[in-house]
Amino acid sequence: MKERTAAPASTDVLYRLLVQRAADYAIYMLDPNGVVVSWNAGAARLKQYAAAEIVGEHFSCFYGPEDRAAGLPEAGLRQARETGQSEAEGWRFRRDGTSFWADVVIDAIRDDDGRLIGFSKITRDRTDRQRLLQQHREEERRFRLLVQGVSDYALYMLDPAGIVVNWNSGAERASQYTAAEIVGKHFSCFYGPEDRAAGLPEAGLRQARETGRFEAEGWRFRRDGTSFWADVVVDAIRDDDGALLGFAKITRDRTEKRAQELRVVEAKEAAERHRDEHAAASAFLDSVIATMPSSVVVQDAATGLIRLANLQAELLLCRCAGELVGRPAAGVLPTALAAMMNAALAAPGGPASATTVEAPVETAWGPRMLRMRALAIGGRGEQPLFGLLIAEDISDEHAASLRIHHLAHHDGLTGLPNREDFRQRLGEALAVDAAHADATMGQSTAVLCIDLDDFKCINDTLGHPVGDHLLRVLAKRLQDSLRPGDTLARLGGDEFAVVASVAGAGAEATALADRLIETARQPVEIDGHRIEIGLSIGIALAPENADTADELLRCGDLALYEAKRNGRGRHARFHSALEASARYRRLIETDLRGAIARRELGLHYQPIVRAEDGETIGYEALLRWRHPTRGPISPLDFVPIAEETGLIHEIGAFVLQEACREASRWASGCSVAVNLSPVQFRSTALAAQVASALAASGLPAGRLELEITESVLLDASTNNLALLGQLKQLGVRIALDDFGTGYSSLSYLCAFRFDKIKIDRSFVREICDSREAVAVVRAITGLSRSLGIATTAEGVETPEQAACLRREGCTQLQGYLYGKPMPASALPEGRETIVEAAIMATNEALLSGT
193 MKERTAAPAS TDVLYRLLVQ RAADYAIYML DPNGVVVSWN AGAARLKQYA AAEIVGEHFS
253 CFYGPEDRAA GLPEAGLRQA RETGQSEAEG WRFRRDGTSF WADVVIDAIR DDDGRLIGFS
313 KITRDRTDRQ RLLQQHREEE RRFRLLVQGV SDYALYMLDP AGIVVNWNSG AERASQYTAA
373 EIVGKHFSCF YGPEDRAAGL PEAGLRQARE TGRFEAEGWR FRRDGTSFWA DVVVDAIRDD
433 DGALLGFAKI TRDRTEKRAQ ELRVVEAKEA AERHRDEHAA ASAFLDSVIA TMPSSVVVQD
493 AATGLIRLAN LQAELLLCRC AGELVGRPAA GVLPTALAAM MNAALAAPGG PASATTVEAP
553 VETAWGPRML RMRALAIGGR GEQPLFGLLI AEDISDEHAA SLRIHHLAHH DGLTGLPNRE
613 DFRQRLGEAL AVDAAHADAT MGQSTAVLCI DLDDFKCIND TLGHPVGDHL LRVLAKRLQD
673 SLRPGDTLAR LGGDEFAVVA SVAGAGAEAT ALADRLIETA RQPVEIDGHR IEIGLSIGIA
733 LAPENADTAD ELLRCGDLAL YEAKRNGRGR HARFHSALEA SARYRRLIET DLRGAIARRE
793 LGLHYQPIVR AEDGETIGYE ALLRWRHPTR GPISPLDFVP IAEETGLIHE IGAFVLQEAC
853 REASRWASGC SVAVNLSPVQ FRSTALAAQV ASALAASGLP AGRLELEITE SVLLDASTNN
913 LALLGQLKQL GVRIALDDFG TGYSSLSYLC AFRFDKIKID RSFVREICDS REAVAVVRAI
973 TGLSRSLGIA TTAEGVETPE QAACLRREGC TQLQGYLYGK PMPASALPEG RETIVEAAIM
1033 ATNEALLSGT
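Count the sequence shown with our numbering and you get residues 193 to 1042, in order.
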């Protein structure tokens, strides 16, 4: 690459330019007393003061009256003075009086002798994040108020170890403990000594953890030592990834109900033992039944007529006693209640004990959830005399339980099943397949693992509310595209999954994937933004690929990775070779994490020559990895893995530091070119990394050339163009690599001033034999000449290719004809020796007319 002749700017000037032009952060300097002495563009934008208005003022003017009265500005300076740094967040005020939520960092600045010379202050507007946090807290507050307001039920949460973490008013009323007394205690304190010794509390949590729910009844103890009979439900609460967050526990005092039911049974037994006291016992029984909180109906076994109905039964059935007593039970009772009574009377073996059933029943008030018990009451013989029905309306309790269960098994944003529920449904589908293997011959259970392409970019550029809206729209579209019986779930983030029964060897699953991809491809309009989103889908089949839920999901994930690797917006079927590929990627990733520290990564340099005279003007830095056991590993194998895992940021910083360090030692003054990954542009630290590498090495900025691919311009181009502008301000040169092989747009050449265009080797390889290749090269060099920028042809291997390229106006050449990549230690002292043979061969080719 061509060396720039302009002298590099000093580090101080570059730093000042960087600070002054940073628009997203308010960065300014204070003197030791807190008076503003400098003011950047980000501060002017954020706080609405021009530098002329604020320089010389005390920085406390940005705080509210209460914060100033509390001495917060001085406290921040004091902490920074004593510890070196002060961090805080809170409301700050603009020039027009409006406020914003700010993250603030104050650093003390000292000279070489340790004397305080002032402070640097960085402020960032975090109002949107604070507003989301407040909204989340408000939603939590409303939910807490809802739970706290329920006084008939003890509702409280336990952590995974069984420690009480919250406590509603119903729990306080039932157990006589205040929240301050019980939160932080283990819930086993409500059990008696014998139950604790038997391990009942732990057994309940264990069952809830394994099955999702635990239900029981038994004695529990209040603060004053008294006991009450309790119905208990414990639900396990898990996050989107299936991790246990804790337990929701509902307890209801059933002491009165149980006592009254026991009194009914005791009264019945007393009547049978003491027939001479029948009248008194009957009156007592009537009194007890009349005052019971449950609905009680007694039917004559012989005639089928209702003999007794208490007040609660009248309310439930919306009939007075006169409309019930003496009438056939089948004519006045809801069908479910009449059937339950008849079943108890007809049970073989005569009178039996009560069994409890919970079921929805259609009543005059509409459908209600009832807890019902029916039993036959016998005389001295085995034939029953009466049928006794006890029913309790538990609709509110059931609704609360269903809500908690729904929250535990569904995604809160889309309403779709969550990961845990999906795994359960998938397991059930596989169990059905296994149990009916012969009947389902030719059928497979398919899992489609779905990932949204570039969703993070949408979230980062348009904000999370737009991203959430998009997820809801996409969930609805995908759901509408499925058949009855298929299950769509949101596994978390931008990950979805489908389980479906498909015919044949998977063609139906492939067709379903095509349909989902096409459905998602339709643009979505959100808040004035036209958003196009793609899907990548991995397909796995049972039992062909796996026969358990976890294994099938793992196979689907491997296929999804393959789909993304092949270009996104696609689907891929799982096959056994993906297992070996995944193991290899994991091994490469593991070894790559320590490769820099173990000094296994290094740079080789390939010369770049001036086309007109063959003079070496620069080198391209190429990353190499020499593995201690595997030997050399191609960048084509490990760079994509580094990009997927985020390791490319650390590796990219290493390459910048190493290339600048080694180039600074070249006496020839040649430039060095470094390739940047598109992933590196997702980090706002890239410009700082380049500046750091230049400063640490002392390399003039004009000798560093950064090569980018066209995908950088296509991915969030507005942000990336801004970052390219920051790099350009450092004084480095920017080259557009592999031009013409991707989705080139001439608008990018107008939007950003590149220093060089690199012609891809695919055109160079064909230039001597293909008129099309010559036409493409001629167009690129003509465009570059019009824009006044250089062109480098890559992959030049023969003198004939070099001659053609020179004839078409290419200004720089690179390839094996001029030298293979080599370590810095092997670079020649004199540049002429590198290309002497290549120059002679090229001149001969020109003279021969080729």
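C-beta: ideal position from N, C-alpha, C; glycine also.
Straight-line Cα distance separating residue j from residue i
| i | j | result |
| --- | --- | --- |
| THR548 | ARG565 | 5 Å |
| ASP585 | ARG414 | 26 Å |
| ASN225 | GLY310 | 8 Å |
| LEU745 | GLU736 | 13 Å |
| SER230 | ALA880 | 21 Å |
| LEU581 | GLU461 | 17 Å |
| ALA965 | ASN758 | 26 Å |
| ILE219 | LEU916 | 21 Å |
| LEU868 | GLY823 | 25 Å |
| ILE314 | SER889 | 27 Å |
| ALA695 | ARG615 | 22 Å |
| ALA400 | ILE596 | 13 Å |
| SER860 | SER875 | 33 Å |
| GLY384 | ARG405 | 22 Å |
| SER693 | ALA530 | 41 Å |
| PRO991 | ARG963 | 18 Å |
| ILE959 | ARG970 | 10 Å |
| LEU848 | ASP805 | 29 Å |
| VAL488 | GLN452 | 11 Å |
Boundaries of the alpha helix (DSSP H) in which residue i is found, first to last residue
| i | result |
| --- | --- |
| SER593 | 587-601 |
| ILE843 | 839-855 |
| TYR1010 | Unbroken run through TYR1010: none, as it is neither H nor E. |
| ARG757 | 741-757 |
| ASN358 | Neither: ASN358 is in no alpha helix (DSSP H) and is coded neither H nor E. |
| ALA705 | 699-713 |
| ARG999 | 991-999 |
| HIS661 | 656-673 |
| PRO824 | Note, PRO824: premise wrong, no alpha helix (DSSP H); beta strand (DSSP E) at 823-825. |
Burial state of residue i (16 or more Cβ within 10 Å)
| i | result |
| --- | --- |
| LEU338 | Because the pLDDT at LEU338 is just 44, under 50, the model does not fix this residue reliably, and the value given afterwards should be weighed accordingly. Exposed: under 16 other Cβ atoms inside 10 Å. |
| ALA790 | Inspection of the sequence shows that residue 790 is occupied by Arg rather than by Ala. That one is exposed. |
| VAL490 | buried |
| HIS763 | buried |
| ASP416 | exposed |
| VAL882 | buried |
| GLY558 | exposed |
| LEU683 | buried |
| PRO892 | buried |
| HIS601 | buried |
| CYS1002 | buried |
| THR973 | buried |
Run of the beta strand (DSSP E) containing residue i, from where it starts to where it stops
| i | result |
| --- | --- |
| ILE301 | 291-302 |
| TYR797 | 793-802 |
| SER863 | 863-867 |
| PHE614 | No beta strand (DSSP E) holds PHE614; the alpha helix (DSSP H) holding it covers 611-627. |
| MET561 | 558-570 |
Paired residues, beta bridge with residue i - DSSP
| i | result |
| --- | --- |
| CYS641 | ALA689 and GLY730 |
| ALA218 | THR315 |
| ILE442 | LEU347 and VAL425 |
| TYR811 | PRO799 and VAL864 |
Sequence-distant residues of the same chain with beta carbon closer than 8 Å to residue i, five excluded per side
| i | result |
| --- | --- |
| ASP947 | GLU897, ARG925, ILE926, ALA927, ILE981 and ALA982 |
| GLU515 | VAL524 |
| GLN872 | ILE840, HIS841, GLY844 and LEU878 |
Proximal residues to residue i (C-beta, below 6 Å), its chain only, five neighbours per side dropped
| i | result |
| --- | --- |
| CYS510 | ALA556 |
| ILE843 | ALA834 |
| ALA422 | ARG412 and THR443 |
| ARG316 | TYR217 and ASP295 |
| GLY1022 | Note that GLY1022 has pLDDT 40, beneath the 50 cutoff, so the model's placement of it is unreliable and the number below is only indicative. Excluding residues within five positions, none has a Cβ falling inside 6 Å. |
| GLN277 | ASP299 |
| ARG777 | ILE833 |
Own chain partners of residue i with C-beta closer than 7 Å, once the 5 adjacent residues on each side are dropped
| i | result |
| --- | --- |
| LEU839 | LEU784 and ARG785 |
| GLY1041 | In this prediction, GLY1041 scores a pLDDT of 49, lower than 50, which makes its location untrustworthy; the coordinate-derived value is nonetheless stated afterwards. So no residue of the chain qualifies. |
| GLY987 | ARG953, VAL956, ARG957 and GLY1007 |
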